[in-house]
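Residue numbers for the sequence shown follow our numbering, so the first one is 4 and each next one is one higher.
For each residue, glycine too, the CB sits at the ideal point set by N, CA and C.
All of these numbers come straight from a predicted model, not from anything done at the bench.
Working notes, structure below.
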Amino acid sequence: MGGWRPAVRARGDARGLDARRPRARVLGQEDLAEARALCARDPVTSVLAAARLEVAAVAGFAAAGGQAWGFPATGPLVAVCWSGANLVPVLSPDLVGRDADDAVAAFAATARAQGRRSSSIVGDRTAALALWDLLAPRWPPAREVRADQPSLAIARDPDVEPDALVRRSTLGEVDAVLPACVRMFAEEVGYAPAASPGSAYALRVRSLVAEGRSFVRMEAPGSAPGTGTGPGPGPFVAFKAELGAVAGGVAQVQGVWVDPLRRGRGLAAPGMAAVVVATRREVAPVVSLYVNAFNAPALATYRRVGFEQVGTFTTVLF
4 MGGWRPAVRA RGDARGLDAR RPRARVLGQE DLAEARALCA RDPVTSVLAA
54 ARLEVAAVAG FAAAGGQAWG FPATGPLVAV CWSGANLVPV LSPDLVGRDA
104 DDAVAAFAAT ARAQGRRSSS IVGDRTAALA LWDLLAPRWP PAREVRADQP
154 SLAIARDPDV EPDALVRRST LGEVDAVLPA CVRMFAEEVG YAPAASPGSA
204 YALRVRSLVA EGRSFVRMEA PGSAPGTGTG PGPGPFVAFK AELGAVAGGV
254 AQVQGVWVDP LRRGRGLAAP GMAAVVVATR REVAPVVSLY VNAFNAPALA
304 TYRRVGFEQV GTFTTVLF
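What follows is the structure, given as structure tokens:
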């Protein structure tokens, strides 16, 4: 995945961009079938963008929460970029060399013209880093660049016995699931999201639960002193994971988390195995995720379950 190297060019070299003037176009409803077909050529790498394109195809771009850009400005698409909460470049697998460089430059020009609206750039490492390289001179500094994130996938039964207690969460458990999601987000990103009732984050979590894309292992209070992530004396989330993006026969797992006082007790691998089994049976035949390369324990867990590396992502956080 990736497979191309951007042409050597000074960071933010305006002369190089202006001389060739690669252009992208904002896609409309009439372009979505072609854009989705392009994503389908590499469904694991493109799932984040493809999921938003599927929403746009059904309910429109406003419901999808962003725009789609296409390259070139005229003619058949060879690259697309989703611009919403995340900026996600997707290039055709056979787009290489200067042609790939031009596609990224066109998306960078469009992003610069609109100003930064996304909280991150994420996608195939080569494309995401090349895009950030062109945007960095004009955009505010990144808070963090996670350049090496193995992209893993499994399309078979897991190698670990699934945890029989892991299941889909229910709407009645949102008050326990939401605090667990907030804690996971804070650990992963470095700050807690605004999660008051009616906030975008709280609505997102509730939507995932309602759609059957939130998995949990609930445990009774007192089963581990000092645990419990939700208010009140009720059951708490010991393990959780969500299907954050589903498109093109791929379900991308996000938000994997084990309560801190439950870590080291062997919940993660069986929990992920249960998520894999249920997802492959009822949602999509391929289950994917990406993880920071420095997170050796998580990588070891996923590989134990049976995930294999199929590419590398990069995330630029603002």
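Does the Cβ-Cβ distance between residue i and residue j come in under 8 Å?
| i | j | result |
| --- | --- | --- |
| valine 280 | arginine 220 | no |
| leucine 56 | leucine 35 | yes |
| alanine 296 | proline 153 | yes |
| alanine 287 | valine 319 | no |
| leucine 2 | alanine 108 | The question about residue 2 has no answer, for the chain in this structure spans 4 to 321. |
| alanine 213 | leucine 181 | no |
| alanine 150 | leucine 132 | yes |
| alanine 271 | valine 256 | no |
| valine 125 | leucine 211 | no |
| leucine 142 | arginine 171 | In the sequence as presented, leucine is not what sits at residue 142; that position holds tryptophan. No; because the gap between Cβ atoms is not below 8 Å, this pair is not in contact. |
| leucine 30 | serine 95 | no |
If you compare alpha carbons, which of the options is closest to residue i?
| i | options | result |
| --- | --- | --- |
| arginine 159 | Ala276, Ala299, Arg28, Ala109 | Ala276 |
| alanine 82 | Phe64, Ala88, Asp127, Gly118 | Asp127 |
| glycine 274 | Leu138, Ala52, Phe242 | Phe242 |
| serine 121 | Asp178, Ala145, Gly215 | Ala145 |
| alanine 167 | Glu222, Ala60, Ala106, Ala299 | Glu222 |
| proline 200 | Arg209, Gly193, Tyr194, Val192 | Arg209 |
In whole angstroms, what is the alpha-carbon distance linking residue i and residue j?
| i | j | result |
| --- | --- | --- |
| glycine 309 | threonine 48 | 18 Å |
| phenylalanine 218 | valine 278 | 7 Å |
| alanine 88 | alanine 76 | 23 Å |
| glycine 215 | glutamate 176 | 12 Å |
| glutamate 147 | proline 140 | 16 Å |
| alanine 244 | valine 259 | 4 Å |
| methionine 187 | alanine 203 | 16 Å |
| glutamate 285 | arginine 24 | 46 Å |
| serine 123 | leucine 90 | 6 Å |
| leucine 292 | glutamine 312 | 10 Å |
| valine 93 | phenylalanine 110 | 10 Å |
| aspartate 45 | glycine 252 | 11 Å |
| glycine 247 | alanine 106 | 27 Å |
Note the first and the last residue of the continuous beta strand (DSSP E) segment covering residue i.
| i | result |
| --- | --- |
| arginine 149 | 147-157 |
| leucine 98 | First-last for leucine 98: undefined, no H or E at that position. |
| leucine 246 | 239-250 |
| glutamate 164 | Taken as a continuous stretch (DSSP letters only), glutamate 164 belongs to no beta strand (DSSP E), as it is neither H nor E. |
| tryptophan 85 | 82-86 |
Compute every distance between the C-beta of residue i and the non-hydrogen atoms of the ligand HEM, then say whether any falls below 7 Å.
| i | result |
| --- | --- |
| alanine 197 | Ligands displayed in this structure: none; no statement on the ligand HEM is therefore possible. |
Whole runs of the beta strand (DSSP E) within the stretch 288-321, excluding any shorter than 3 residues: 289-293, 311-320
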